[in-house]
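Asks:
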Amino acid sequence: MIDPTQLQSMSAEELRALAVQLISDVRHKEAVNAKLTHEIAVLRRLQFAAKSEKLPPEQRSLLDEAIDADLIAVEHELAHMSGQPPRETEPNKPRRAALPAALPRVVLHHEPESTLCQCGCQLKRIGEDVSEKLDYTPGVFTVERHIRGKWACAKCETL
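Using numbering that gives the first Met the number 0, the letters of the sequence shown map in sequence onto residues 0 to 158.
1. Suppose contacts are defined by Cβ-Cβ distances below 7 Å. Is leucine 133 in contact with leucine 98 by that definition?
2. For alanine 153, which residues of its own chain have a beta-carbon under 8 Å away from its beta-carbon, when the five flanking residues on both sides are left out?
3. Which residues does DSSP pair with lysine 149 in a beta bridge?
4. Tell me whether the beta-carbon of histidine 145 lies closer than 7 Å to the beta-carbon of leucine 107.
5. Return the Cβ separation of threonine 141 and leucine 102 in integer angstroms, given the expectation that the two are a contact with Cβ distance under 8 Å.
6. With DSSP as the reference, label aspartate 2 as helix, strand or coil.
7. From which residue to which residue does the alpha helix (DSSP H) around leucine 42 run?
8. Rounded to the nearest angstrom, what separates isoleucine 71 and glutamate 143 at their Cα positions?
9. Could you check the C-alpha separation between threonine 157 and cysteine 118 for me, to the nearest Å?
10. Compute the Euclidean distance between the alpha carbons of aspartate 24 and leucine 42, then round it to the nearest angstrom.
11. Going straight from the alpha carbon of glutamate 127 to that of glycine 148, what length do you get?
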C-alpha cells in the first residue's frame, strides 16, 4: 500500500507508472475473481444439480432387494464355513420400554356389539390384544390400557 505522503513527492511519470501498475493489479484480481466464481458455479452444479444417473424409486427398491439377497447369501456362506448354523430369524427390532407401573391406569374394554357369527353360531372368546397408550392431562400422566377381545367361530373358523 502506498502512503499518501509518498504520492506528494512522486513525479508525473512515476504517478503514471503507478496508475498503470494498479490498473493491471485490479484487472488481474478481477480475472482471478471471475475464475473462482466460475469454479464455484461448476462445483455447485456437480454437487446439487439433478443427475442423470439417479435411479427412480422403483428401480432403487429392486437394487436394495438384490443387495439384501446377496448379503443374506454371504451370511449363510460365512456361517457354513465357520460351522455355526445360519441365523433364520431377522434381527430383533428395537422395542419400546414398558410404561412405569406406578402411573395410574385407565382400563378400556373394546368388545364387538354382537357375538353372533354370520353363520348364526355363537362366537367364542379365544384371547385378547392389550395395548397401552400414555396420556397427558395437564399435571398428570396416565396410561390408557386398551383391551380388545379376539373372537372366533367354532363352526366356520372365522375370526
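We put the CB at the ideal spot given by N, CA and C, even for glycine. Quick caveat: nothing in here was measured; it's all calculated off a predicted structure.
Replies: According to the structure shown:
1. yes
2. Around alanine 153: Cys120 and Lys123.
3. Gly126
4. yes
5. 6 Å
6. coil
7. 11-47
8. 41 Å
9. 10 Å
10. Rounded to whole angstroms, aspartate 24 to leucine 42 spans 27 Å at the Cα level.
11. 4 Å
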